[in-house]
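In the numbering used here, the protein residues as written are 55 to 551.
What follows is a set of notes on a single structure, which appears directly below.
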Ligand SMILES: O=P(O)(O)OC[C@H]1O[C@](O)(CO)[C@@H](O)[C@@H]1O
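Dropping the structure here:
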């Protein structure tokens, strides 16, 4: 398989942003795209039409078109695990048999939601969703972003094994009106199973007659859920070829589908499908996921940037940075190619970020004047979602625009401590409104951007072997075993005697 040759990318002219704007009056139009209610602007990055061409050539060398086709065709592109990555089939874009299977699973989920709404499982006001990683971050984001005005159900997503996380949810929930959704692709994850056991114990302790009757399982291992005690009729399966961090479109999205309503869930799938079609059919120089990945790779490979930051200028999207951390770092934080050869180029940068305007008063100092170059991504929404005077949303958006402008413009000063170097890159994603369709499109955009990054880096984004060793060692320690170093042995002894 081809290895990426970064020489052309690294040799690209590195003209300052201001110069790039002076030279080309059409720069904003050239380096922007509009897809599914989202405006993307990369004009304040150092991408140029020449750079885009160079990346398109690299994409051709790395077989992006064929790999994209293979992704949508349900071929086994997760080569290290010998299986397909079929999250797009969940939203109707994939191999016909996979799309049909996903539709079947969705129908089953819908039927159960109808039954819950009809109180067939008894009165339900609270949904306790228990899962971790991809089985929590996506659903949590969806409910937090879109469910603020929804009064259908009160949803809590509990992921951490720290009992304080479960305490917090249980303290406010009525056991007689709580439904527990245990979300785990494997149905073996220690944290999730312990939280699920404790939540069941809580139902029991509060006199709920049939605690297991209040549990729904969301999993790709239905037999394990049944073995654990969930009745088959309340197991909502999804397919093994949907990866954990790509699974919010499957039954893992159950709390969102329940809290927001089925129509909203379908609109989210449709928004994602619109982004998929754009990704599949649009030439690379106007292809949003591809252009975003080109900018990512430019900064990582040619400018030595080790991190990339996303700031959501919308409180409803406050969980976006955490969701992106798993998506990008678990997918592309790899050190070998898909064929197992060591890479000698940097793979995924560290994804971090926060919420605007809060972050301006905390971390933006480093972005403006620190010695490290951090490509920044701003995400904002034109239509306000709050109930306050317009001044709030106007301030929010104007601050976002001002930060991008300031990072780029800089400001000279005789006193260097007060000078801003400028020429610091940012991209901006501006949603017309935040609704299920635009959020679905936004999340699919991030998935496909992660895919393009992986293909050009020559790595497999769909495995995550790096998470296993720590799990094994924790298990060994829990069983009183494990061959630990002196420091760890001492720490265990201090904590447990
Ligand atoms: O859904 P599961 O099987 O409980 O796994 C939860 C998470 O754990 C991981 O395997 C990492 O440990 C993630 O990839 C996954 O999203």
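Glycine included, C-beta positions come from ideal geometry on N, C-alpha and C.
Can you tell me whether residue 474 is helix, strand or coil according to DSSP?
As a first step, residue 474 is located in the chain shown; it is residue number 420 there, counting from the start. Here residue 474 sits in strand by DSSP.
Closest to residue 389 by C-alpha separation, out of 550, 513, 466, would be which residue?
Stepping through the chain shown from its first residue, residue 389 is reached at position 335. It is 513 whose Cα lies nearest to the Cα of residue 389.
Under 8 Å between C-beta atoms of residue 327 and residue 146:
Against the chain shown, residue 327 aligns to sequence position 273. Against the chain shown, residue 146 aligns to sequence position 92. Contact flag set, yes.
Start and end residues, alpha helix (DSSP H) containing residue 543
In the chain shown, residue 543 corresponds to position 489, counting from 1. From DSSP, the alpha helix (DSSP H) with residue 543 extends over 540-550.
Can you name, in chain order, every residue of its own chain whose Cβ lies under 8 Å from the Cβ of residue 96, other than the five neighbours on each side?
In the chain shown, the residue the question calls residue 96 occupies position 42. For residue 96, where only same-chain residues beyond five positions count, the Cβ hits under 8 Å are 85, 86, 345, 346, 349, 481.
Report yes if the CB atom of residue 232 is closer than 8 Å to the CB atom of residue 268, and no otherwise.
The residue you call residue 232 lines up with position 178 of the chain shown. The residue you call residue 268 lines up with position 214 of the chain shown. The answer is yes: Cβ separation under 8 Å.
Which same chain residues, not among the five before or five after residue 248, have their C-beta less than 8 Å away from its C-beta?
By 1-based counting over the chain shown, the position of residue 248 is 194. Excluding residues within five positions, the ones whose Cβ falls inside 8 Å are 215.
Looking only at its own chain, which residues have a Cβ that is under 7 Å from the Cβ of residue 376, when we skip the five neighbours before and after it?
By 1-based counting over the chain shown, the position of residue 376 is 322. Once the five neighbours on either side are set aside, the close Cβ partners of residue 376 are 191.
Is it the case that the Cβ atoms of residue 405 and residue 511 are separated by a distance below 8 Å?
Position 351 of the chain shown, counting from 1, holds the residue named residue 405. Position 457 of the chain shown, counting from 1, holds the residue named residue 511. No; because the gap between Cβ atoms is not below 8 Å, this pair is not in contact.
Reducing DSSP to helix, strand and coil, say where residue 436 ends up.
Here residue 436 refers to the residue found at position 382 of the chain shown. Note: residue 436 maps to coil in three-state DSSP.
By Cβ distance, which residues of its chain are closer than 8 Å to residue 201, with the 5 residues on each side in sequence left out?
For this step, residue 201 is matched to residue 147 along the chain shown. So the qualifying residues of the chain are 209, 310, 313, 314.
Rounded straight-line distance, which links the Cα of residue 495 to that of residue 140:
Against the chain shown, residue 140 aligns to sequence position 86. Against the chain shown, residue 495 aligns to sequence position 441. When rounded, the distance between both Cα atoms is 17 Å.
With residue 584 as the anchor, note down where its beta strand (DSSP E) starts and where it stops.
Outside the modelled stretch of the chain, which goes from 55 to 551, sits residue 584, for which no answer is possible.
According to DSSP, residues forming a beta bridge with residue 180
Stepping through the chain shown from its first residue, residue 180 is reached at position 126. According to DSSP, which records beta bridges pairwise, residue 180 is partnered with 208, 232.
Residues near residue 508 in its chain [Cβ-Cβ closer than 6 Å; skip 5 each side]
In the chain shown, the residue the question calls residue 508 occupies position 454. Same-chain partners within the cutoff: 386, 515.
Which one or two residues does DSSP pair with residue 118 in a beta bridge?
Here residue 118 is taken as the residue at index 64 of the chain shown, counted from 1. None; residue 118 has no bridge partner.
In whole angstroms, what separates the C-alpha of residue 188 from that of residue 213?
Position 134 of the chain shown, counting from 1, holds the residue named residue 188. Position 159 of the chain shown, counting from 1, holds the residue named residue 213. Using only the alpha carbons, I get a separation of about 10 Å.
Distance, residue 361 Cα to residue 176 Cα
Counting from one through the chain shown, the residue named residue 176 turns up at place 122. Counting from one through the chain shown, the residue named residue 361 turns up at place 307. Each residue's alpha carbon lies about 49 Å from the other.
Does DSSP put residue 260 in a helix, in a strand, or in coil?
Indexing the chain shown from 1 puts residue 260 at position 206. Three-state result, residue 260: coil.
Can you name, in chain order, every residue of its own chain whose Cβ lies under 7 Å from the Cβ of residue 284, other than the five neighbours on each side?
Taking the first residue of the chain shown as position 1, residue 284 is located at position 230. Same-chain partners within the cutoff: 266, 269, 271.
Which runs of the beta strand (DSSP E) fall wholly inside the segment 243-319 and span at least 3 residues, in chain order?
Counting only unbroken stretches of 3 or more residues, the beta strand (DSSP E) elements lying wholly within the segment 243-319 are 269-273, 289-291, in sequence order.
When the Cα of residue 290 is compared with those of 80, 486, 166, which residue comes out closest?
Position 236 of the chain shown, counted from the start, is the residue given in the question as residue 290. Looking at the Cα atoms, 166 is the closest of the given residues.
With 16 as the cutoff for other CB atoms within 10 Å, does residue 142 come out buried or exposed?
Within the chain shown, residue 142 is the residue found at index 88, counting from 1. The residue in question, residue 142, is buried, as its Cβ has 16 or more Cβ neighbours within 10 Å.
On a CA-only basis, which of 244, 458, 79 is nearest residue 532? Give me that one, please.
Along the chain shown, one-based indexing puts residue 532 at 478. For the residues 244, 458, 79, the minimum Cα distance to residue 532 belongs to 244.
Between the segment 463-476 and the segment 433-446, do three or more beta carbon pairs fall short of 8 Å?
At 8 Å Cβ cutoff, the stretches do not touch.
Would you tell me roughly how many angstroms separate the C-alpha atoms of residue 127 and residue 160, rounded to the nearest one?
One-based indexing of the chain shown puts residue 127 at position 73. One-based indexing of the chain shown puts residue 160 at position 106. Distance between the alpha carbons of residue 127 and residue 160 is about 20 Å.
State yes or no: is the C-beta of residue 299 nearer than 7 Å to some heavy atom of ligand 1?
Residue numbering aside, residue 299 sits at position 245 when the chain shown is read from its first letter. Checking the Cβ of residue 299 against ligand 1 gives yes.
For a test of your reading of the model: does the CB of residue 186 fall under 7 Å from any non-hydrogen atom of ligand 1? Yes or no.
Counting from one through the chain shown, the residue named residue 186 turns up at place 132. At least one heavy atom of ligand 1 is nearer than 7 Å to the Cβ of residue 186, so yes.
At a threshold of 7 Å, does residue 212 count as lining ligand 1 (C-beta to nearest heavy atom)?
Residue numbering aside, residue 212 sits at position 158 when the chain shown is read from its first letter. Not under cutoff, so the answer is no.
Beta carbon of residue 316 nearer than 8 Å to that of residue 164:
For the purposes of this step, residue 316 is taken as residue 262 along the chain shown, with counting starting at 1. For the purposes of this step, residue 164 is taken as residue 110 along the chain shown, with counting starting at 1. In contact: residue 316 and residue 164 (Cβ atoms closer than 8 Å).
How about residue 239: is its Cβ closer than 7 Å to a heavy atom in ligand 1?
By one-based count along the chain shown, residue 239 stands at place 185. For residue 239, the CB falls within less than 7 Å of some heavy atom of ligand 1.
Using CA atoms only, rank isn't needed, just tell me which of 485, 77, 236 is closest to residue 193.
Here residue 193 corresponds to residue number 139 of the chain shown, with the count starting at 1. Per the Cα distances, 236.
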